[in-house]
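Asker: The structure under discussion is supplied below as structure tokens; questions concerning it will follow.
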Amino acid sequence: MPTTHWYVDETKATDYVVVTVVAPTDVVSPARRALRELVRPGQRSLHFTKESDATRRAALRVIVGLPLDVIVYRVTGRRGLAAREVALRALARDALVAHPQRIVLERDDSVVVADRRWLRDELGPRNYRDIGFDHLAKHEEPMLWIADALAWCVQRGRPWSDYLDALSTVTTIVDRP
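Residue numbers for the sequence shown follow our numbering, beginning at 708 and rising by one.
What follows is the structure, encoded as structure tokens:
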């Protein structure tokens, strides 16, 4: 099984959706380079809600050309921190099986402590130490742009969500305890 890094972002527009991009480590550097080429002068990152449709399509063409897996955690019936907890605990249980080398979540200072607690609770102390965790700002990690883009696509629905069909694997988990 190849070593992977996981990149995580969310959308809260309708249901609470967390998208995890599973990237083989040997894909990460070339993917970052390809994504950085899409950033216009003066921009620090891609943020799908602020991009034109032409930029979105160009970015999605790059993304679907990469050998990535995607896990979509859709939480219904809960909002805010309660929904985030359900999604991140499900993500942690999946990490127990898949053993990613690193998990990077988009930084939101208001939830960093809770995120770490939930992940540690689900993984246990040893596994928690073995997996590298980071909370980074979007401009610090271009791979988060992929999670942002795909979360936006899920939230927007068709035809945008059709781009997820072109990726290796999409698993949707609905409000898993």
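For glycine and all other residues, C-beta sits at the position ideal for the given N, C-alpha and C. Given the structure is predicted, the values throughout are model-derived calculations rather than measurements.
Just to confirm, is the Cβ distance from valine 726 to aspartate 733 under 8 Å?
Answerer: In this structure, aspartate 733 does not lie closer than 8 Å to valine 726 by Cβ.
Asker: Between valine 777 and arginine 743, what straight-line distance do the alpha-carbon atoms span, to the nearest angstrom?
Answerer: 21 Å
Asker: With DSSP as the reference, label proline 731 as helix, strand or coil.
Answerer: strand
Asker: Do you know offhand how far proline 731's Cα is from arginine 739's?
Answerer: 13 Å
Asker: Tell me, please, whether the stretch 755-771 touches the stretch 783-803 by the rule of three or more beta-carbon pairs shorter than 8 Å.
Answerer: no
Asker: Specify the secondary structure class of glycine 839 as computed by DSSP and reduced to three states.
Answerer: strand
Asker: Do you know how far the Cα of alanine 797 is from the Cα of isoleucine 838?
Answerer: 16 Å
Asker: On the CB-based measure, 16 or more other CB atoms within 10 Å of its CB, does threonine 710 come out buried or exposed?
Answerer: So threonine 710 counts as exposed.
Asker: Would you check if there are 3 or more beta carbon pairs closer than 8 Å linking the stretch 813-827 to the stretch 835-852?
Answerer: yes
Asker: Aspartate 816 by DSSP, collapsed to three states: which one?
Answerer: coil
Asker: Where are the beta strand (DSSP E) runs, 3 residues long or more, that stay fully inside the stretch 740-816, in chain order?
Answerer: List check, beta strand (DSSP E) in window: 776-782 and 809-813.
Asker: So does the stretch 859-868 actually touch the stretch 826-834, counting three or more Cβ pairs closer than 8 Å?
Answerer: no
Asker: In the DSSP assignment, what residue or residues form a beta bridge with tryptophan 713?
Answerer: DSSP, once it has assigned bridges, lists Val729 and Ile810 as partnering tryptophan 713.
Asker: So, using beta-carbon positions, are leucine 843 and leucine 775 closer together than 8 Å?
Answerer: Contact check for leucine 843 against leucine 775 fails: the beta carbons are separated by 8 Å or more.
Asker: Label valine 728 either buried or exposed according to how many other C-beta atoms from any shown protein chain fall within 10 Å of its C-beta, with 16 as the threshold for buried.
Answerer: buried
Asker: Just list the residues that DSSP pairs valine 724 with in beta bridges.
Answerer: Thr718 and Arg781
Asker: On a CA-only basis, which of Ala789, Gln808, Leu795 and Gly772 is nearest valine 779? Give me that one, please.
Answerer: Leu795
Asker: If you run the structure through DSSP and keep just helix, strand and coil, what is leucine 830?
Answerer: helix
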